[in-house]
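This note's numbering runs 9 ahead of the 1-based position in the sequence shown.
Heads up, the beta-carbon is just placed ideally off N, CA and C, and yes, glycines get one too.
Heads up, the thing below is written out as structure tokens.
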Amino acid sequence: MEIKPGLSALVTGGASGIGKGLVLALAEKGVFITIVDYSEERGKEVASLVEKIHTKFHSKLKFPSVMFMKCDVSNSRDLAAAFEKHFLTYGGLDICITSAGIGNPVPFSKDQTDGTRSWRHTINVNLIAVIDSTHLAIKTMEAAKRPGVIINLGSASGLYPMYADPIYSGSKGGVVMFSRSLRLYKRQGIRINVLSPEFVETEMGLKIDPDFIRLMGGFVPMQMVVKGAFELITDEDKAGHCLWITNRRGMEYWPTPAEEAKYLARSSRLRRRSDFKAPAITLPESFEKIVVHTLTHDFRKATRIVRTPLRLPVKPNHVLVKIISAGVNASDVNFSSGRYFGGKTSDVASRLPFDAGFEAVGIIAAVGDSVSDLKVGMPCGFMTFGGYAEFIMIPAKHALPVARPDPEVVAMLTSGLTASIALEKAGQMESGKVVLVTAAAGGTGQFAVQLAKLAGNTVVATCGGAAKAKLLKELGVDRVIDYHSEDIKSVLMKEFPKGIDIIYESVGGDMLNLCLQALAVHGRLIIIGMISQYQGEKGWTPSNYPGLCDRLLAKSQTVAGFFLVQYSHLWQEHLDKLFNFYSKGNLKVSIDPKRFLGVHSVVDAVEYLHSGKSVGKVVVCVDPTFQKQVAKL
Ligand code: NAP
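The structure is reproduced here in structure tokens:
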């Protein structure tokens with residue numbers, strides 16, 4: 010909603026403090042205002058200030074541009090009368106701000122009263138009257154048949170406990186949860202949000218111990234509160250949002266989408282809600298797949314395409330998957346050199362030939378006996394060896410139900426899951442930290458930067474090239490370092506002198522050394538991979554990091570390894586979380602635009618990824634006819 014002359018607002022508690030600040034700011038935009046407050050003297054004073062401001066906008070009006078209504082908000086009848094008068098005067102209500110609030114007059118621990126005159130009154134003013142006002146505002150907005158915005162004043166002490174005033178804290182906690190729970194009114198064009206500033210220099214704020222205010226980073230300036238309120242009014246996406254404002258951290262939405270995902274259980278519903286309709290699948294007698302026949306990190310020399318019979322019936326407890334899209338991974342070359350199996354080269358060689366590819370999405374084409382929860386036609390993903398094939402038979406327990414067999418979903422498998430699980434488990438990522446991601450515009454890096462941002466961190470990302478830098482800026486990265494045009498070390502030293510708190514590192518070699526030097530005290534560096542070392546002259550050789558222990562000890566730092574295979578128990582949960590973010594528009598998935606069609610294109614795709622030119626996830630479309638078939642349905 011654009012804040013402009015002609016709109017009308019009702020502000021409770023508008024005669025002083027934050028309410029007054031917001032009244033004056035709205036007046037500066039030419040908005041008609043009703044000030045609702047119990048203090049007649051102050052109310053009239055603010056109303057006359059508004060009148061003066063309004064002379065810039067309005068002349069010869071047949072009605073007052075500002076009204077003061079003396080009202081104790083805990084009196085429902087008077088409150089209803091104020092809303093009615095506003096509606097009759099301005100013909101509607103565009104903005105309602107509930108700012109009336111009080112601190113509890115008697116400390117709870119010393120309260121000897123029966124409660125009626127002390128804490129019960131605080132709850133009546135701070136919570137019951139906010140519910141009452143919200144209800145009246147909704148009715149008024151509905152009657153006017155116009156969109157509206159309601160901002161309830163919560164408080165930072167509604168987000169975390171205020172030990173000195175549990176009644177105030179409890180009342181504001183109620184305001185926060187009440188307002189957030191009204192998100193669905195957005196469907197009717199009414200957006201209800203809550204503004205939760207820490208201490209503002211008002212009469213109420215000045216009663217707080219100055220040492221405590223200093224500890225909390227000082228008073229929040231009124232301009233910041235106004236900026237927050239205006240953002241909630243103007244941004245049409247904001248409904249059921251809580252904006253937390255502190256001097257220490259600025260403006261942040263509470264909870265972050267990442268925190269919200271921890272308690273929103275919608276995975277199975279999402280999967281059930283999938284609108285995907287599978288085309289009929291004809292089972293061929295044979296199909297093509299890629300096998301590794303020689304152990305080498307040169308994927309082209311290591312692999313060949315073979316045609317193999319489709320053996321039916323499907324084994325009990327297994328499903329047959331028709332593969333639609335397969336994901337390309339940096340580690341394909343480690344797999345083809347036999348590294349994934351460990352042990353002596355001769356032992357690994359005895360496994361040859363073996364199937365290549367780590368991940369794919371497709372449609373279940375047949376199910377074995379005793380498979381009850383998966384049905385033919387269901388889309389699913391999997392992360393077992395053999396993804397570079399037209400069909401695969403996998404144990405049913407390895408099939409991950411997904412909403413659609415799309416390239417974006419393939420990207421969420423190895424790449425997305427690595428970022429999501431590694432940042433949570435190995436990185437122990439919370440919010441308010443500086444997070445650095447290397448090879449950030451690649452398959453997994455693109456997820457890492459967005460998840461770190463969604464969790465409320467400052468994100469720094471490295472990449473090589475302008476196209477990648479552009480993508481990273483679009484993904485919301487705070488500081489993109491394109492190492493083709495800037496020196497990573499100088500930028501980090503100059504702009505992040507305190508060091509980086511969490512590093513998601515997947516390049517290895519010199520980049521790892523540089524990252525170790527950039528790590529902050531208590532910093533955590535997650536070793537995701539070492540792509541720069543996978544294809545050296547002799548393949549991947551062990552590296553030495555002299556002085557590493559001394560450095561970690563001196564700065565209480567942690568270097569944590571991460572290997573996705575060891576976290577299979579978390580795959581489905583994190584996949585659902587990623588899909589949830591994606592379907593709500595909180596997460597973008599970038600697929601490299603270069604088309605790779607059919608299993609014959611896999612080798613080119615793997616080499617393309619290692620050329621360093623790819624942007625986003627490299628995906629092979631195993632069945633190019635699929636998109637067309639679905640489009641016809
Ligand atoms: P990717 O990031 O899409 O790989 C391509 C990017 O890596 C390139 O755009 C380039 O980025 C960088 N790169 C490629 N070759 C390089 C070289 N020789 N030297 C330096 N940088 C090079 O690939 P991905 O599949 O998502 O894998 C990224 C990393 O994550 C790999 O190290 C991989 O092994 C690891 N990974 C680990 C796990 C696990 O479980 N631990 C799971 C998945 C992936 P810039 O030039 O823009 O930096």
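Which of helix, strand or coil DSSP assigns to residue i
| i | result |
| --- | --- |
| Leu19 | strand |
| Leu304 | coil |
| Gly675 | The chain is shown only over 10 to 642; residue 675 falls outside these bounds and no answer can be derived. |
| Val337 | coil |
| Met660 | Outside the modelled stretch of the chain, which goes from 10 to 642, sits residue 660, for which no answer is possible. |
| Met260 | strand |
| Phe296 | strand |
| Pro410 | strand |
| Met624 | One point to set straight first is that residue 624 is Val, not Met, in the sequence displayed. Val624 falls in the coil class under three-state DSSP. |
| Ser180 | helix |
| Glu582 | helix |
| Ala464 | coil |
| Ala569 | strand |
| Lys331 | strand |
| Arg281 | Residue confidence for Arg281 is low, a pLDDT of 45 falling below 50, so the modelled location carries little weight; the figure read from the coordinates is stated next. Arg281 falls in the helix class under three-state DSSP. |
| Ala475 | helix |
| Ala614 | helix |
| Ile497 | helix |
| Thr291 | coil |
| Ser164 | coil |
| Phe559 | Residue identity check: residue 559 is Asp in the sequence provided, not Phe. In the structure shown, Asp559 sits in a helix (DSSP, three-state: H, G or I). |
| Gly594 | coil |
| Ile490 | strand |
| Met225 | coil |
Contacting residues, own chain, Cβ-Cβ under 7 Å from residue i (five flanking each side not counted)
| i | result |
| --- | --- |
| Ala614 | Val337, Phe605, Val627, Val629 |
| Gly621 | Gly473 |
| Val579 | Note on identity: in this sequence residue 579 is Leu, with Val being the wrong assignment. The residues are Ile430. |
| Pro114 | Ser127 |
| Ala476 | Val624 |
| Thr317 | Ser295, Phe296, Lys298 |
| Gly22 | Gly28, Asp46, Ser108, Ala109, Gly110 |
Cut-off 6 Å between Cβ atoms - residues of its own chain near residue i, not counting five sequence neighbours on either side
| i | result |
| --- | --- |
| Ala335 | Gly366, Ala369, Gly396, Tyr397, Val629, Val631 |
| Val357 | Gly347, Phe350 |
| Gln581 | Leu409 |
| Ala18 | Leu35, Val40, Ile42, Ile104 |
| Lys3 | Absent from the structure is residue 3, since the part of the chain shown begins at 10 and ends at 642. |
| Phe285 | Pro388, Arg413 |
| Asn133 | Ser83 |
| Gly163 | Lys181, Val184, Val185, Val203, Ser205 |
| Asn135 | Gly110, Ser180 |
| Ser48 | Ala24 |
| Ala91 | Val45, Met78, Cys80 |
| Lys586 | Ala270 |
8 Å contact criterion, which residue i and residue j should meet: CB distance rounded
| i | j | result |
| --- | --- | --- |
| Leu241 | Val158 | 7 Å |
| Ala457 | Tyr513 | 4 Å |
| Val598 | Glu417 | 4 Å |
| His531 | Gln566 | 7 Å |
| Ile490 | Val500 | 5 Å |
| Ala89 | Leu31 | Not confirmed; about 22 Å, so no contact. |
| Val624 | Ile314 | Val624 to Ile314, Cβ: 27 Å. No contact. |
| Lys65 | Met76 | Between Met76 and Lys65 the Cβ distance is about 19 Å, and since that is not below 8 Å, they are no contact. |
| Ile372 | Ala470 | Actually they do not touch by this definition, with Cβ atoms about 35 Å apart. |
Spatial neighbours of residue i in its chain, beta-carbon cut-off 8 Å, leaving aside the 5 residues before and after
| i | result |
| --- | --- |
| Ala569 | Ala435, Gly436, Arg533, Leu534, Ile535, Ile536 |
| Leu361 | Val301, His302, Thr303, Leu304 |
| Thr143 | Cys105, Thr107, Ile159, Asn161, Phe187, Ser188, Leu191, Ile201 |
Short CB-CB distance (under 7 Å) between residue i and chain B
| i | result |
| --- | --- |
| Ile537 | The chain labelled as chain B is not found in the depicted structure, where only one protein chain is given. |
- [ ] Please confirm if the region 212 to 221 is in contact with the region 191 to 202, defined as three or more CB-CB distances below 8 Å between the two stretches.
- [x] Remark: fewer than three beta-carbon pairs, one from each stretch, lie closer than 8 Å, so the region 212 to 221 and the region 191 to 202 are not flagged as touching.
(message) For a minimum of 4 consecutive residues, which ranges assigned as the alpha helix (DSSP H) are wholly contained in the region 346 to 399?
(response) 354 to 358
Quick check: the region 222 to 240 against the region 253 to 266, are there 3 or more CB pairs under 8 Å?
-> Contact between the region 222 to 240 and the region 253 to 266 is present: three or more C-beta pairs spanning the two stretches fall below 8 Å.
**Prompt:** Where in the region 501 to 547 do unbroken runs of the beta strand (DSSP E), each at least 3 residues long, occur, reported from the N-terminal end onward?
**Reply:** 509 to 514, 528 to 536
Can we say the region 133 to 140 touches the region 107 to 115, given the rule of at least three CB pairs closer than 8 Å?
yes
**Asked** Residue ranges of each alpha helix (DSSP H) run of no fewer than 4 residues wholly in the region 39 to 127, ordered along the chain?
**Response** 49 to 63, 85 to 99
Inter-stretch contact at 8 Å, needing at least 3 Cβ pairs: the region 478 to 487 / the region 539 to 554: no
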